[in-house]
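The opening residue of the sequence shown carries number 1 in full-length UniProt numbering; numbering runs sequentially from there.
C-beta: ideal position from N, C-alpha, C; glycine also.
Report on one structure; see the data block that follows.
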Amino acid sequence: MMIGHVQQIDIEQLRLLLRRGWTRRINAIHLHHTWRPSQSHWAGAATMHAIDRFHGDVLGWQAAPAHLYLGPDGSIWTARNLDCPPASVAGHNGDLQDGPMAVALVGDFDHGRDTLCGKQEAVLHQVLAEICTGFLLGAETIRFPSEMISGRSSPGSGLNAELLRSKIRGRLQAQDAPAGRSPSSHARAYASHFGMPQDGTGWIPMQNAEPPNDLRQASYAWTGGATGGRDAREGFTPGDMEVFRRHVVNLQGGHLSSGGWYQTSEHDLDRLIADLDAWALTVGATPRIALIAHGGLVDEPVGLSMCLRDYQWWLGNGVYPVFFVWETGFIEVLLQGSRRELALQRREFFTDPFLEATLGPTIGRPTWDGIKASAFMASLPAGATGQAGGAALMAHKLVRWIRHFKDRQHKQVEVHAIGHSAGAIFHCHLLTLLAQLHAEAVNDQAAAPAIKTVNLLAPAARIDLFKATLLDQVGKSIGELSMFTMYQHEELRDDVIGLYRKSLLYFVRNACETPPYATPILGLEESIRADPHLNEFFGISGNARQAEVIWSPSVQISGRSASRAYAHGDFDNDAPTMNSVIRRILRLNDTDAIPVPHLGDGEREIKRASAMNIASLAPKPVSSELAGRGGRALCIGIDSYSTQPLSGCVADARASAVALEEWGFTVELLLDRDATRAAILARIAALLDSAGSGDMVVIQYAGHGTQFPNPDEPDGYNEVLVPYDYNNGEFILDDEVGSLLDQYRDRNLELVLFTDCCHCGTITRAAFDRQQPQRDRNSRYMKVPDNLMQAFLAKYTNADQIVGGRAIRKISRRGIGTVSGWELHYAACNDQQSAYEHGGRGDFTVELVKALAAARQRPSSYAELAATIARAFSGNALQSPGLNDPALKSGKLLFRHGVAQGGASMMKGGIAFPENGLLANPDDGNMAPVVTALRELSRRLDRLDEKIDRL
């Protein structure tokens with residue numbers, strides 16, 4: 001299994017690998033542990049993919065640091081060319097001539113954490129013995145990094161180096177095998193297995209490189225765990241309290257907190273300023289301070305834990321962080337208030353309007369009003385009671401210190417602000433106060449804190465509050481303002497505690513603000529685009545912008561404008577987002593090295609690793625020939641079905657749009673709730689109406705498919721697309737689409753369809769398949785209740801005729817095609833299969849996008865594109881994509897006029913089949929799918945009951 005630079009091998013393949021003629025002489029073995037991911041994070045290939053992508057995309061390395069990785073399940077994974085040195089221990093990595101081979105155990109083997117046992121221990125002993133045998137090494141050459149550099153624990157304080165060497169020594173003495181081989185001049189073709197230079201050239205020197213998670217092992221966890229895996233509610237250590245004293249302003253009700261997990265007094269603020277002063281004396285020309293306000297999804301211990309998680313990252317980048325922990329706890333209040341309702345009813349019976357109408361007035365609005373009041377009072381100067389807000393006290397002390405520091409050191413201190421979610425509300429008030437203090441300082445002819453950058457992450461502030469406070473200060477007391485927030489379709493895919501089926505920002509707007517549903521929220525794309533002033537402010541309308549908005553997930557995965565957050569709570573621990581923030585603070589460009597890159601939330605990245613694939617590549621230039629073709633495309637993706645929601649269709653539509661834009665197409669997107677029956681048919685008609693003679697037209701669809709019974713059809717069914725509003729009895733028959741397309745048959749258009757959906761009639765994942773799919777794969781088939789089908793037929797009398805089999809021709813279908821069409825139709829599977837998705841993407845679309853990118857490198861025909869996709873599914877009995885070409889156009893050059901040289905059609909009777917032939921027919925007597933469906937239903941109900949019990 002090859003994933004990027006990573007491939008799973010067995011022990012026999014390892015022996016073959018070790019006996020290749022490597023030019024680099026191996027003289028030692030360095031044993032590491034990954035620390036993060038730990039054994040509990042292990043998800044096989046997904047984990048290895050995440051490790052590979054992290055080191056490549058976040059750190060910019062060519063590969064993961066170790067040559068081999070050993071999984072908790074006993075699996076062996078190659079990750080680095082043996083002719084290249086590892087990133088193991090600074091000063092001990094060797095070079096391209098000789099040096100160690102690095103082996104990493106996936107897990108955290110410090111005392112009290114993971115245990116090395118079973119299959120993982122057995123494969124470790126076997127692999128170490130094979131390496132020693134293959135490279136004529138003794139057991140004494142097995143080295144722990146903790147033996148080479150003090151302060152390192154890798155491969156874990158729970159492992160004993162001498163005991164391990166003793167076991168390997170005994171194994172070497174017991175085995176009756178040749179001692180090994182000397183490096184020779186044998187062919188090194190195996191190196192190409194990794195997609196790397198075979199001679200090691202082109203590699204960054206790694207003599208001083210080390211795994212970053214080990215460098216900051218006790219302070220900065222790749223998993224994003226609040227305190228390195230420890231539950232914050234177990235209590236904080238004296239060392240933690242010392243960190244809080246230097247970096248935390250703890251607030252309660254807007255005032256300095258005198259209770260809870262950590263208390264802050266005015267004396268503590270003075271001590272914090274003193275620590276800040278001592279730190280500023282040690283830095284370079286520009287001391288930088290970050291004022292950080294967390295969001296409304298956390299309570300006090302989690303807010304404190306965020307400080308422990310991130311403070312060293314900030315310090316490592318030359319920025320002194322001050323965390324305002326202000327005890328919002330919004331989600332906890334929601335949980336407490338909704339527990340009884342959860343216990344009474346199951347989740348599927350709740351709707352978003354029901355939750356908005358019930359939880360909004362009773363819990364949401366009072367809680368949210370309290371959060372906003374706390375944010376306001378925190379920056380309120382002393383009033384009639386003489387008690388100033390805690391943030392106001394800190395602001396005044398900070399201003400005085402900055403003025404005195406400049407007088408003493410002749411250095412200007414920079415102040416930067418980061419606010420996540422409700423933290424944006426907090427900063428609307430705090431930064432307004434700082435702006436006032438800045439103006440007063442200027443009047444006094446003294447230096448004042450210029451707020452150099454403001455970075456708002458998924459801001460939950462009302463737009464009118466933002467306009468009244470920060471907007472007019474940009475370019476004055478605020479140097480630059482940037483906002484990172486999600487695309488609308490991602491907001492609609494998010495959820496709140498698994499109950500509310502949209503992001504927190506939608507719940508705030510629809511249930512917590514006054515008036516509900518009508519209050520524009522700064523972090524919502526639809527609110528921004530509906531406001532002409534903000535369109536101009538952010539440059540969305542094409543004018544020169546005053547501030548920048550970065551939409552997530554962005555196409556780019558690194559640089560100043562990257563964000564890969566897929567949920568409202570992700571932003572403050574999303575590596576691309578936080579690395580973009582630090583680039584803006586440090587004034588680095590897209591390619592400058594970050595002193596300490598943010599490592600993100602590894603557990604989240606493992607789950608989403610597969611989603612970060614070809615769609616994240618930067619667009620490439622398109623030839624003028626293609627750009628001038630007048631190509632038009634419509635990409636449709638639906639995830640947010642009210643039942644049986646999917647997770648990869650919107651991502652498929654966006655990835656397809658990027659791929660088609662690279663070909664020069666003008667692409668429109670129709671996503672989620674916008675993709676209703678009426679909208680889909682209208683947009684297809686408008687797309688075809690707008691196309692001129694000779695134009696290319698592409699329609700891509702990713703979503704659910706289903707079937708309506710029709711005894712007059714050859715297979716007994718009509719194929720049906722499932723739009724967003726299907727619950728209202730709205731569906732689209734393939735006959736309807738075919739008839740619509742036929743109205744444009746004589747327009748001299750070239751029409752290509754890509755459909756990543758399925759029509760096989762089963763509620764299980766593999767009812768028609770001889771082999772069960774992998775557990776992490778979802779089928780894009782929806783079983784439609786009879787009442788919805790009848791509702792559809794009652795609305796559309798023509799549809800009743802269609803279902804009766806007396807109408808119009810069908811959209812081109814694989815295996816049936818009784819009426820000839822004029823389009824080319826690439827389908828994700830045949831009519832007896834399911835189209836699958838996993839890792840946040842559809843399997844077919846992933847390969848389609850790759851094939852389209854490859855086809856741009858050389859002239860390719862439609863048939864060659866189909867063959868490339870089919871090869872990716874070779875041997876896959878679950879899904880066999882193919883091309884239907886009733887008009888016999890498959891020999892033509894892809895998205896061009898003319899025919900490819902030597903491009904023979906792969907069509908058989910107008911149908912293109914994969915190279916491995918037809919799939920086996922379904923076993924109609926197989927009852928396994930029914931059993932599987934019942935078990936799956938039981939499992940889901942049990943899991944729901946467990947979730948309710950935990951609440």
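>> Give the list of continuous beta strand (DSSP E) stretches no shorter than 3 residues that lie fully inside the stretch 718 to 743.
In response: none
> Do A659 and V849 have their C-beta atoms closer together than 8 Å?
Replying inline: yes
> Thinking C-beta only, is C428 closer than 8 Å to L470?
Replying inline: yes
> Excluding the five sequence neighbours on either side, which residues of its own chain have a C-beta within less than 7 Å of the C-beta of G316, listed in chain order?
Replying inline: P595 and V596
> What is the DSSP secondary structure of L304, reduced to helix, strand or coil?
Replying inline: helix
> When the Cα atoms are used, what is the spatial distance from V415 to A46?
Replying inline: 40 Å
> From this set, L586, T282, F244 and L687, which residue's C-alpha is nearest Q743's C-alpha?
Replying inline: L687
> Counting along the chain, where does the beta strand (DSSP E) carrying F507 start and finish?
Replying inline: First-last for F507: L504 to F507, but that is the alpha helix (DSSP H), not the beta strand (DSSP E).
> So what does DSSP say about I802, is it helix, strand or coil?
Replying inline: For I802, the predicted model reports a pLDDT of 40, less than 50, meaning its position is unreliable; a value from the coordinates is still stated below. If DSSP states are grouped into helix, strand and coil, I802 belongs with the helices.
> Under a three-way DSSP split, which group does Y311 fall into?
Replying inline: helix
> In terms of residue numbering, what span does the alpha helix (DSSP H) encompassing W77 cover?
Replying inline: Segment I76 to T78 is the beta strand (DSSP E) holding W77; no alpha helix (DSSP H) there.
>> Does the stretch 275 to 295 come into contact with the stretch 398 to 406, if we say contact requires no fewer than three beta-carbon pairs (one atom in each stretch) closer than 8 Å?
In response: yes
> Where does the unbroken alpha helix (DSSP H) through I585 begin, and where does it stop?
Replying inline: A575 to L586
> Could you check where the alpha helix (DSSP H) with E490 kicks off and where it finishes?
Replying inline: Q488 to R493
>> Determine whether the beta carbon atoms of E750 and V667 lie at a separation below 8 Å.
In response: no
>> Taking the straight line between their C-alpha atoms, what separation do you get for N787 and I699?
In response: 30 Å
> Between V6, V243, F354 and S552, which lies nearest to S561 when the distance is taken from Cα to Cα?
Replying inline: S552
> Taking Cβ to Cβ, would you say V474 is nearer than 8 Å to A547?
Replying inline: yes
>> For A388 and G360, what's the separation of their Cα atoms in angstroms?
In response: 31 Å
> Can you tell me whether DSSP reads G479 as helix, strand or coil?
Replying inline: strand
>> Tell me the rounded alpha-carbon separation between N718 and E730.
In response: 15 Å
>> I want to know whether the stretch 833 to 847 touches the stretch 882 to 891 - three or more CB-CB distances under 8 Å.
In response: no
>> Quick check on the burial criterion: 16 or more other C-beta atoms within 10 angstroms. Buried or exposed for L918?
In response: Because L918 carries a pLDDT of 28, less than 50, the predicted location of this residue cannot be relied on, and the following value inherits that uncertainty. Burial call: exposed.
>> In the DSSP output, what is L256 paired with across the bridge?
In response: L251
> Among the residues of its own chain, which have a CB less than 8 Å from the CB of L393, if the five just before and after it don't count?
Replying inline: L256, E266 and L269
> Assuming G390 contacts A378 under a Cβ cut-off of 8 Å, what Cβ separation, rounded to an integer in Å, is found between them?
Replying inline: 6 Å
> From this set, Q126, M306 and Q39, which residue's C-alpha is nearest G170's C-alpha?
Replying inline: Q126
> Which residues in the same chain have their Cβ closer than 6 Å to the Cβ of Q7, if we skip the five residues on either side of it in sequence?
Replying inline: T78
> Which class does W551 belong to by DSSP, given the choice of helix, strand or coil?
Replying inline: strand
> What residue from W42, L17 and G738 has the CA that sits closest to L68's CA?
Replying inline: L17
> In whole angstroms, what separates the C-alpha of V89 from that of W314?
Replying inline: 24 Å
>> Between the alpha carbons of P532 and G539, how many angstroms are there, rounded?
In response: 10 Å
> On the three-state DSSP scale, how would you describe N27?
Replying inline: strand
> Where Y701 and Y826 are concerned, what is the direct C-alpha to C-alpha distance, given to the nearest angstrom?
Replying inline: 11 Å
> Is there contact between the stretch 478 to 491 and the stretch 562 to 579, where contact requires at least three CB pairs shorter than 8 Å?
Replying inline: yes
>> Assuming H33 and A104 are in contact, meaning their beta carbons sit under 8 Å apart, how far apart are those beta carbons, in whole angstroms?
In response: 7 Å
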